[in-house]
Amino acid sequence: MKFYEFEAKQLLRKHGIPLVRGEVAETAKAAKKIAAEIDGPVILKAQVIAPGLTATSVREASDPAEAKAAAAELLEIDDGGRKPKGVLVEARPSGPTYSLSFTYDGTAKLPVIAGSDLAGKIDDIGDEHPNRIVRRHFSALFPFSDYIAKELVRSMGFGGGDLNRMTRIVSGLARLFLKYDLADLDITSLVKLDDGSFVLRDVEADLEIEARHRQRPMLDELGFAKDDLRQVREPTEFELEGARIDAEDPRGIISPIAEFDGNIGLVIGAGGGSLTLTDAVRKHGGRPANYAAIGGNPSVDKARRLTKLVLSKPGVDKVAVMSNVVSNTRADLVARGVIKAIVEMGYEPADKILIFRVPGAWEADAAKILKKYGIEYCDRTVSISEAARRAVEKAG
Amino acid sequence: MAVIVHKDFQFIVQGITGREALNFTRECLEYGSKIIGGVTPGKGGREVYGVSVYDTVREITERERVDGTVITVPLAFAPDAAFEAIDAGIKEIVIITEGIPRKDASAVVEYAALRGARVIGPNCLGVITPDVCRFGSLGGPAVDCRKAFKPGVVGVMSRSGGMTTEICNALTLSGLGVSTAISIGGDPVIGSTYADLIPLFEADEDTRAVVVYSEPGGTAEAELARWTQENNSRLPIVAFVAGRFMDEMPGMSFGHAGTVVNKKVDSPADKMRRMREAGISVAEEIGDIPDLVRERIGN
Amino acid sequence: MGMFIRVDVDNSIVAKTPGLAEKLVEVCPVKIFALGKKAGAVAVVEENVDECTLCDLCMQACPQGIRVIKLYE
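Set out below in structure tokens:
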């Protein structure tokens, strides 16, 4: 879950990390005022979530009037259906510039700090100048010790007073990274000022989505709304309802749910099966109306509500019920839920189900249920690809 | 031969009285697995399907050899359950629980490494060596499980529990069968990656080829490609990469928690390129996997 | 009434064993049983009946007094 840059900086500032001067403005007029206070050239950054806006969301201005004009334009950017959450107006000091990145290394299974004497995203630097990056793993099990930061900073080439100043910054950031369950923290530019001190200029931070409940106090402090998941685009009513269905019943999952613009309703699972099935439907020329990921053995009621949601979507006439060969999710419980939904909506199950391909756990019971309602049961000899092809063909 | 498990493998289930654990405990017992105890704090003294329930892990490890544990306790208690198992001396730890933040997963895995234990998962379904031992919830009820997993020559590793069974089912239908299948988990930080586990298959006489299922997100495929290039493995590898549609939707998250395309290395296209360059065959469809395996092992 | 499952309870048998009603309530993973109005009896929670996972734990606890019937067979 992405933080807006001003939020990330608010969090860092609170914990004594040195940052460039600046404030977030909600109007062009406020931006002008902040620029006047900074009294020098400023940079303006629209606070956005959607990817691919890097080039258009940042502007430079040499005086307050210019800042006001730039802010007015930046506030109109389309951020995946949202307005920007203000414009961050900041001083732009120059000097030797560095970058730092904190993330988890899936190979070592440990958190890792990367540092470079170049500015930018560590991944981009790694593409062109892999030898300009140094790395140091640390631990999520043991408390962070300053020497780890010192070793990294030393290997970045720092010595003397710079070494101690940078060590303080890096250890402070590492502790915040752990404390606040961040998944990624990128300091894409960190500048050494003329007086020898260091300040962070550009910051990107991502919260571990699974930790959002236990990080609620911090999120509340930042004014992060409870249902704000910082998707790359504003969630649709369909997606919000899907999330609600998932949250209201802890038995199994049906999400993530996403809305697409096609006509084939998908009641599909599980995590990997849904990815494979969505690829397969598209490969056979079908247009999915949605994404769903049934898993963890959802209750009958949850499968029922998901089916109703998908079948109620405008433009969707029929659903394809498909999954990989299931282990813990039960084919019979899915069948019960899907049929119950269709009957409750006043339709004949056989008219609304394009295909039912959920082989595996309790498939014999699922087959009996389907037979009673006149639906053909596809067994495990029908491949995922073939099931998708049949669904696409039948949907027309 | 088998990987991780063996004929006399004895394990316990932590969280045994939960809805899902009840299901797979019964399924494992019917399959012939040796579950020698279960743990649910506050429910010690009960019994489920003939398996005694205890309040603590040590009550079991003090009286019997415990080779492994399957952890399926609610999210908030999962790291604690893992620490308890590690401290009780259990060496093979399958964590089924989904949604554990990566910080906690990393801490558990680091602690396990210090104590010489191995973690499979989190967010996985476990391990199965067909007709030898089922350690976790792969395959569903014994009768369905036997249909999908027949003994054979292909080792399987998969980031998706469901797709583990799907792929094994395809290998079984084709007559190749499965040596051992491991659902490694779908989270960004997991205890055992493809590259960690492939040496076990390398050492397993029954395994003649390995199939991996992969998804967008993470560095596991790049790591496997590197391993393949650096080690003169006797095993041909066939991979399938799901979620290609996600290449068109950067930043969107689908499927497992680890499944998101933010960095270049996350994208299916990049994964396929790296693996092909390392000599790994990449299947276009699940259904193509058996033929590719046959091609590679000359059968 | 469930669409797929029916649970028949003979409370005259359940009530014979002290504590059995409580055990049935506890043992069901999907809360199909609630304590009945009469002492020692259980009531069936109809809205949960279709959630039955066919785990058989209730029938194992009271083989004579509980029957779970699949309406699709």
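Residue numbers (our numbering), protein chains in the order written: chain A, 1199 to 1594; chain B, 11 to 309; chain C, 14 to 86. Think of the CB as a built atom: it goes at the ideal place given N, C-alpha and C, for glycine as much as any other residue. Note that the structure is predicted; figures quoted are calculated from it, not measured.
message = I'd like to know whether the C-beta atoms of A:A1270 and A:A1226 end up nearer to each other than 7 angstroms.
response = Indexing the first sequence from 1 puts residue 1270 of chain A at position 72. Indexing the first sequence from 1 puts residue 1226 of chain A at position 28. Taking 7 angstroms as the Cβ cut-off, A:A1270 and A:A1226 qualify as a contacting pair.
message = Less than 6 angstroms between C-beta atoms, sequence neighbours within five positions excluded: which residues of the same chain meet that for A:G1535?
response = Numbered from 1 along the first sequence, position 337 holds the residue referred to as residue 1535 of chain A. Once the five neighbours on either side are set aside, the close Cβ partners of A:G1535 are V1498, A1501, R1502.
query = With A:I1166 and A:K1511 assumed to form a contact (beta carbons below 8 angstroms), what rounded beta-carbon distance in angstroms separates them?
reply = Here chain A has residues from 1199 to 1594 only, and residue 1166 of chain A is not among them.
query = Is the segment 171-181 of chain B close to the segment 1522-1539 of chain A, with three or more CB pairs under 8 angstroms?
reply = yes
query = Between the segment 25-53 of chain C and chain B, which residues of the former have CB atoms less than 9 angstroms from a CB of the latter, in chain order?
reply = P42, V43
task = Could you name the residues of chain B that C:C68 contacts, counting a contact when the two beta carbons are closer than 7 angstroms?
result = As a first step, residue 68 of chain C is located in the third sequence; it is residue number 55 there, counting from the start. Within chain B, the residues near C:C68 are L32.
key: Neighbour-count burial assignment, B:F34, 16 or more Cβ in a 10 Å radius   = On the second sequence, residue 34 of chain B is found 24 positions in, with the first residue counted as 1. Buried, by the Cβ-count rule.
message = Which same chain residues end up closer than 7 angstroms to B:D154 when comparing Cβ atoms and leaving out the 5 residues on each side of it in sequence?
response = In the second sequence, counting from the first residue as 1, residue 154 of chain B sits at position 144. Nothing listed; no residue qualifies.
ask   = Between A:D1444 and A:I1452, which are expected to be in contact by the criterion C-beta below 8 angstroms, what is the C-beta distance as a whole number of angstroms?
value = As a first step, residue 1444 of chain A is located in the first sequence; it is residue number 246 there, counting from the start. As a first step, residue 1452 of chain A is located in the first sequence; it is residue number 254 there, counting from the start. With a Cβ gap of about 5 angstroms, A:D1444 and A:I1452 count as contacting.
inquiry  = Looking at chain F, is there any beta carbon in it that lies within less than 7 angstroms of the beta carbon of B:R29?
reply    = In summary, chain F is missing from the structure at hand, where the protein chains are A, B and C.
query = Can you name the start and end residues of the alpha helix (DSSP H) that B:E40 belongs to?
reply = Start at 1 with the first residue of the second sequence, and residue 40 of chain B comes out as number 30. First-last of the alpha helix (DSSP H) with B:E40: 29-41.
ask   = Would a check of beta-carbon distances place A:K1550 closer than 7 angstroms to chain C?
value = Within the first sequence, residue 1550 of chain A is the residue found at index 352, counting from 1. No, its Cβ sits nowhere closer than 7 angstroms to a Cβ of chain C.
inquiry  = Would you say A:R1428 lies against chain C (beta-carbon separation less than 7 angstroms)?
reply    = The residue labelled residue 1428 of chain A in the question sits at position 230 within the first sequence. Judged by the 7 angstroms Cβ criterion, A:R1428 is not in contact with chain C.
query = Is the distance from the Cβ of A:K1207 to the Cβ of A:L1217 below 7 angstroms?
reply = Within the first sequence, numbered from 1, the residue matching residue 1207 of chain A stands at position 9. Within the first sequence, numbered from 1, the residue matching residue 1217 of chain A stands at position 19. In contact: A:K1207 and A:L1217 (Cβ atoms closer than 7 angstroms).
Under 8 angstroms by beta carbon: chain C residues contacting A:I1567 = For the purposes of this step, residue 1567 of chain A is taken as the residue at position 369 of the first sequence. Per Cβ cutoff of 8 angstroms: F17, Y85.
query = According to the neighbour-count rule (16 or more other Cβ atoms, all chains shown, within 10 Å of its Cβ), is B:T229 buried or exposed?
reply = To locate residue 229 of chain B, count along the second sequence from 1; it is residue 219. The residue in question, B:T229, is buried, as its Cβ has 16 or more Cβ neighbours within 10 Å.
query = B:I81 CB to nearest chain A CB: under 7 angstroms?
reply = Indexing the second sequence from 1 puts residue 81 of chain B at position 71. By this cut-off, B:I81 is not an interface position.
query = Roughly how many angstroms lie between the CA atoms of B:M11 and B:D214, to the nearest whole one?
reply = For this step, residue 11 of chain B is matched to residue 1 along the second sequence. For this step, residue 214 of chain B is matched to residue 204 along the second sequence. Cα to Cα, B:M11 sits roughly 6 angstroms from B:D214.
inquiry  = When you compare the CB positions of C:D63 and C:G15, do they come within less than 7 angstroms of one another, or not?
reply    = On the third sequence, residue 63 of chain C is found 50 positions in, with the first residue counted as 1. On the third sequence, residue 15 of chain C is found 2 positions in, with the first residue counted as 1. Yes; because the gap between Cβ atoms is below 7 angstroms, this pair is in contact.
inquiry  = Looking at the strands, I want to know which residues DSSP matches up with B:Q324.
reply    = Residue 324 of chain B lies beyond the stretch modelled for chain B, which goes from 11 to 309, so this question has no answer here.
ask   = Can you find at least 3 beta carbon pairs, one from the segment 69-76 of chain B and one from the segment 16-35 of chain B, that sit closer than 8 angstroms?
value = yes
query = Going by DSSP, what residues sit across from B:D280 in a beta bridge?
reply = Translated into positions along the second sequence, residue 280 of chain B becomes position 270. None, per the DSSP bridge assignment.
message = Quick check on this structure: which residue in A:D1315, A:P1309, A:F1356 has the alpha carbon closest to the alpha carbon of A:F1336?
response = As a working note, residue 1336 of chain A is residue 138 in the first sequence. Closest by alpha carbon: A:P1309.
request  = Could you tell me whether the Cβ of B:E215 comes closer than 7 angstroms to any Cβ of chain A?
outcome  = Position 205 of the second sequence holds residue 215 of chain B. It does not: the Cβ of B:E215 has no partner Cβ on chain A nearer than 7 angstroms.
key: Under 7 angstroms by beta carbon: chain C residues contacting A:S1497   = On the first sequence, position 299 is the one that residue 1497 of chain A refers to. In chain order: E64.
key: Environment of A:Y1345 [buried if 16+ CB atoms lie within 10 Å]   = Indexing the first sequence from 1 puts residue 1345 of chain A at position 147. Exposed.
query = Along chain C, in chain order, which residues have C-beta atoms closer than 8 angstroms to that of A:R1534?
reply = Mapped onto the first sequence, residue 1534 of chain A falls at position 336. Residues of chain C passing the Cβ test: M16, F17, D63.
inquiry  = Just verifying my parser: in three-state terms, what is the DSSP assignment at A:D1477?
reply    = On the first sequence, position 279 is the one that residue 1477 of chain A refers to. Of the three classes helix, strand and coil, the one that applies to A:D1477 here is helix, per DSSP.
request  = Please state if the CB of A:A1253 and the CB of A:A1259 are separated by a distance shorter than 7 angstroms.
outcome  = Working through the first sequence from its first residue, we reach residue 1259 of chain A at position 61. Working through the first sequence from its first residue, we reach residue 1253 of chain A at position 55. Against a cut-off of 7 angstroms, the Cβ pair of A:A1253 and A:A1259 comes out as no contact.
key: Burial state of A:R1414 (16 or more Cβ within 10 Å)   = Numbered from 1 along the first sequence, position 216 holds the residue referred to as residue 1414 of chain A. Classification of A:R1414: exposed, given that the 10 Å Cβ count is below 16.
message = To test your reading of the DSSP string, which unbroken alpha helix (DSSP H) runs of 4 or more residues are found completely within the segment 134-158 of chain B?
response = 152-158
ask   = Mind checking whether B:T82 and B:E40 have CB atoms under 7 angstroms apart?
value = Position 72 of the second sequence, counting from 1, holds the residue named residue 82 of chain B. Position 30 of the second sequence, counting from 1, holds the residue named residue 40 of chain B. Contact flag unset, no.
message = Under 8 angstroms, with one C-beta from each stretch per pair, do the segment 20-37 of chain C and the segment 275-295 of chain B reach the 3-pair mark?
response = no
ask   = Can you name the residues of chain B whose CB is closer than 7 angstroms to the CB of A:Y1302?
value = Indexing the first sequence from 1 puts residue 1302 of chain A at position 104. Ordered by position in chain B, the residues that pass the 7 angstroms Cβ test against A:Y1302 are R112, S116, P198, V199.
task = Would you please verify whether the beta carbon of B:E74 is less than 7 angstroms from any beta carbon of chain A?
result = The sequence position of residue 74 of chain B within the second sequence is 64, counting from 1. Output row for B:E74: interface = no.
task = State the Cα-Cα distance for the pair A:G1493 and C:C71, rounded to the nearest angstrom.
result = On the first sequence, position 295 is the one that residue 1493 of chain A refers to. On the third sequence, position 58 is the one that residue 71 of chain C refers to. Computed Cα separation, rounded: 26 angstroms.
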